[in-house]
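Below: one structure, written as structure tokens.
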Amino acid sequence: MEPHHSETEGTVALSKVAPLTFAFWVVKIFATTVGETGGDAVSMTLQVGYALSTVIFLAFFCVTAFAQVASRRYHPVFYWAVVVATTTVGTTTSDYLDRTLALGYVKSSIILFGAVLVVLVVWRLTTGSIAADRITERRNEVFYWVTILISNTLGTALGDFVASSMGLGFEYGALVFAGLIALVAAAHFFTRTPEAILFWAAYVLTRPLGATLGDTLTKSHAEGGLGFGRITSSLAIAVGMVVLVAATSLRKSATAYDR
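Position one of the sequence shown corresponds to residue 366 (our numbering), numbered consecutively onward.
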């Protein structure tokens, strides 16, 4: 795959992250949705439990993150595998905090939100920037993935809070987060809010959107869902995600070749 910027490898280090296009956000929502259904499939359908499931997915995250960080350029497979790993870890970790440790959605959301802010502040103080559109240095990349891991866990807790604690249900919860994402998009086009802040706001919000969409698909009719199986839903969403990533990557490669 060709680099997604105009500079040559000899003059500028290649960015290690996916370009921030509309397709990026669509794939991100796919990834967060499959993270919800996949995490629930292992912890609940297969009855592995939240704690052990978290350990399993955390190991998956470590393997995929190592491959991503060790690579010298952006690889769609490595990159999106890490994103999916963070969403599955986020699902089971959030459920463990909320249900096993009985912290509840509000307390866990506050703790995780504080953790995201701490990582972003430390990242900013350490490197001078929290920009996520171009990652070329390993130190920035480590901060990038730690922030994503925590933000996806936070997003799971927020999704459960809105859908369950506030009583909006999964479908209305998804609409709430879709509306908030639309507001962030409007701020991008019509205000001078720093792009880094808007990116991380949107990144956090796409996680509860995916979580509520995943629950809408898999929860029983009595719980307000459509009653599709978690494993079947996970496989179907994963296939759709792979097709979209492949199509986007091939199109970029063809565009770069034409140039």
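Virtual Cβ for every residue (Gly too), placed ideally from N, Cα, C.
Checklist entry - Any idea what DSSP makes of Q412, helix, strand or coil? => result Correct three-state label for Q412: coil.
Item to check | Unbroken alpha helix (DSSP H) run spanning F312, endpoints | outcome: Beyond the ends of the chain as shown, which are 366 and 624, falls residue 312; an answer cannot be given.
Checklist entry - Of the choices T613, S529 and V607, whose alpha-carbon is the least far from that of V449? => result For the set T613, S529 and V607, the Cα lying nearest the Cα of V449 is the one of V607.
Checklist entry - Going straight from the alpha carbon of C427 to that of G534, what length do you get? => result Each residue's alpha carbon lies about 33 Å from the other.
Item to check | Inter-residue Cα distance where the pair is G589 and G479 | outcome: Each residue's CA atom was taken as its position, placing G589 and G479 some 31 Å apart.
Checklist entry - When the Cβ atoms of the stretch 575-586 are set against those of the stretch 393-406, are three or more pairs found closer than 8 Å? => result In the pairwise beta carbon analysis, the stretch 575-586 is classified as touching the stretch 393-406: at least three pairs are separated by under 8 Å.
Item to check | Cβ distance (whole Å) where W445 is taken to contact V392 below 8 Å | outcome: Confirmed, about 7 Å.
Item to check | Test item: CB-CB of G455 and T518 under 8 Å | outcome: T518 sits close to G455, with the two beta carbons spaced by under 8 Å.
Next on the checklist: Please tell me whether I602 and T402 are closer than 8 Å, where the distance is taken between their beta carbons.
Outcome noted: Yes. Within cutoff.
Item to check | Cβ separation of V484 and I515, assumed to be a contact under 8 Å, to the nearest whole Å | outcome: About 6 Å separates the beta carbons of V484 and I515, which is inside the 8 Å limit, making them a contact pair.
Checklist entry - Going by the CB atoms, is the gap between W510 and A388 shorter than 8 Å? => result Going by C-beta atoms, A388 is not nearer than 8 Å to W510.
Next on the checklist: Do G592 and S625 have their beta-carbon atoms positioned less than 8 Å apart in this structure?
Outcome noted: Limits of the chain in this structure are 366 at one end and 624 at the other, which puts residue 625 out of reach.
Next on the checklist: Can you give me the C-alpha to C-alpha distance between L673 and S614, rounded to a whole angstrom?
Outcome noted: With the chain covering only 366 through 624, there is no way to say anything about residue 673.
Next on the checklist: Taking only three categories from DSSP, how would you classify H586?
Outcome noted: In this structure, H586 counts as helix in the three-state DSSP scheme.
Item to check | Span separating the alpha-carbon of R499 from that of T512 | outcome: Roughly 15 Å between the two C-alpha positions.
Item to check | Contacts around T419, its chain only, beta-carbon distance under 7 Å, and the 5 residues preceding and following it disregarded | outcome: These residues qualify, in order along the chain: V454, T457, T458 and Y461.
Next on the checklist: Taking its Cβ as the centre, do 16 or more other Cβ atoms sit within 10 Å of R503, making it buried, or is it exposed?
Outcome noted: R503 should be labelled exposed.
Next on the checklist: Could you check whether R557 and T521 sit closer than 8 Å to each other, using their CB atoms as the reference points?
Outcome noted: Going by C-beta atoms, T521 is not nearer than 8 Å to R557.
Item to check | Classification of L582 by the beta-carbon crowding that lies within 10 angstroms, buried from 16 upward | outcome: Result: buried.
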